[in-house]
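Undergrad: Encoded as structure tokens, here's the structure I'll be asking about.
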Amino acid sequence: MKKVSMDLENAYDKIYRYVYFRIKDQTVAEDITQETFLRFISQKGNIHDYEMKYLYTIARNLCIDEFRRVKPDSLSEDYEHIASVQGDSLEERMAIRDAVAKLPVEDQEILLLRHVNNESVGTISKTLGISRFALYRRLKSAEDKLRDSLEAGDYEK
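Residue numbers (our numbering): 2 to 158.
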């Protein structure tokens with residue numbers, strides 16, 4: 002039973018990070034994450050057999066609904082979860098955060114799912130509705146853009 006609760010806790014954290022990354026509001030992200038799991042339970046009836054791709058799809062749709070409901074005035078630059086990757090210094094984390102913020106939203110989403118939430122390529126491709134091959138191309142492209150951005154900023158490790 003302990004493993005199930007740890008897995009559920011891990012899934013909840015991943016969905017929360019994903020939603021927070023998209024919404025940029027802690028309270029709304031908590032509400033959407035909770036709603037994601039409530040909808041999942043009402044559809045599947047059993048939380049123990051969760052599938053991350055289905056949870057991401059529900060969360061993504063709820064985020065879209067939130068954007069339709071409330072138009073954001075401006076995008077926040079709070080990428081604390083992406084910037085919290087293991088780094089040698091505050092300067093390095095800030096450079097990564099700034100470089101990620103300059104990427105298109107689609108690239109940011111792919112990088113978050115793959116490198117921050119450590120989701121499998123299969124889960125991400127099903128969540129985004131694209132082939133694995135297309136995901137590999139988009140992921141490589143996003144990583145290349147991030148690397149180029151960091152190098153162009155005279156960023157050194």
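For each residue, glycine too, the CB sits at the ideal point set by N, CA and C.
1) Could you tell me if the beta carbon of L56 falls within a distance shorter than 7 Å of some heavy atom in the ligand ATP?
2) Would a C-beta distance cut-off of 8 Å place A1 and L151 closer than the cut-off?
3) Express the C-alpha separation of D149 and A12 in angstroms, rounding to a whole number.
4) Identify whether D145 lies in helix, strand or coil by the three-state DSSP scheme.
5) Quick check: what's the CA-CA separation for E93 versus Q44?
TA: Let me lay it out:
1) Absence of the ligand ATP from the depicted structure is noted, as is the absence of any ligand whatsoever, leaving it without description.
2) Here the chain comprises residues numbered 2 to 158, so residue 1 is not present and cannot be evaluated.
3) 32 Å
4) helix
5) Taking the Cα positions, E93 is about 43 Å away from Q44.
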